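In what follows, a single structure is set out as structure tokens and then discussed.
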Amino acid sequence: MATGEYTKAMARFSRIHKNRTIKPSFSPEPGINRAPADVMADHLNGIFVGHLLTSTPDQDSPPTLTSSPPFDLDLCPFSSDQIHETLKQLPRKKAPGVDHIQTEMLLPLLPTLVPQLLYLFRVCWQWSYTPFSWRVAQVVPIHKKGSKTDPGNFRLISLTSTFRKLFEKCLYPSLLEQSPTLDIAQGGFRESRSSLDQVQCLIKICSILRI
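The opening position of the sequence shown corresponds to residue 1334 in this note's numbering, with each subsequent residue numbered one higher.
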């Protein structure tokens, strides 16, 4: 076997072995007579209990869809071309949300799917309402470090619907255009910037001013 082929083969075997490695899973401390899922559920409930909310969200159902919507659909900030291009740009090989629908499953259906999504997105815009499944995340705990018996040592990953991601990406340009300009001091959650950039700027300013 040539050296190049041997290297590629060994790299492939290494990836297969790595993928077969059992990932750490949560297990309660010895003596706790409760299922691991119940212990983790109580921990997550304490995190997502919503104790900071001042009021209960409105749970009223949206209006019933009719053949003639009582609004002008052309005023909504969505287009077929935008949805088509955005869907093609969504990341591949990503874990899906509760509906188990991945981007790869939608791409072959673009010609048929885009007109349906356009109408759905416009209705969501006008009614200020999205499907319930878009607002539900499948939370997966990933072990960080420390004891696997402590739920606090697990990092939570929220898996959301692919349709929700598509809707948000299509809506983003309009929000960016119409929203107030962000303060120049804000570095977090901004494209090509981070909180570390602001920290470095602060250190440099302190160095110049000798604070």
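Using N, Cα and C, we set each Cβ at its ideal position, and we do this for glycine too. In this text, all values refer to a predicted model and were calculated from it rather than measured experimentally.
*Inter-stretch contact at 8 Å, needing at least 3 Cβ pairs: the stretch 1465 to 1479 / the stretch 1407 to 1418*: Segments in contact, no.
*asked:* Taking the alpha helix (DSSP H) that Phe1496 belongs to, which residues open and close that run?
replied: Segment 1495 to 1511, the alpha helix (DSSP H) holding Phe1496.
_4 or more residues per run - each alpha helix (DSSP H) lying fully within the stretch 1414 to 1469_ = As far as the stretch 1414 to 1469 is concerned, its whole alpha helix (DSSP H) runs of at least 4 residues are 1436 to 1439, 1443 to 1460.
*Look up Gln1567 in the DSSP assignment and say whether it is helix, strand or coil.*
The displayed coordinates of the chain run from 1334 to 1544. Any statement about residue 1567 would go beyond what the structure contains.
*Name the residue from Leu1492, Ala1428, Gln1531, Asp1405 whose alpha carbon lies nearest to the alpha carbon of Arg1455.*
The residue with the shortest Cα to Cα distance from Arg1455 is Asp1405.
_Using 8 Å as the cut-off, can you tell me whether the stretch 1482 to 1500 makes contact with the stretch 1423 to 1442, which would need three or more C-beta pairs spanning the two stretches below that distance?_
Under the Cβ criterion (8 Å, minimum of three pairs), the stretch 1482 to 1500 counts as touching the stretch 1423 to 1442.
_Buried or exposed, going by whether 16 or more other CB atoms sit within 10 Å of the CB of Thr1445?_
Exposed, because fewer than 16 other Cβ atoms sit within 10 Å of the Cβ of Thr1445.
*Simplified DSSP state of Ser1540, which is helix, strand or coil*: Residue state, collapsed to three classes: helix.
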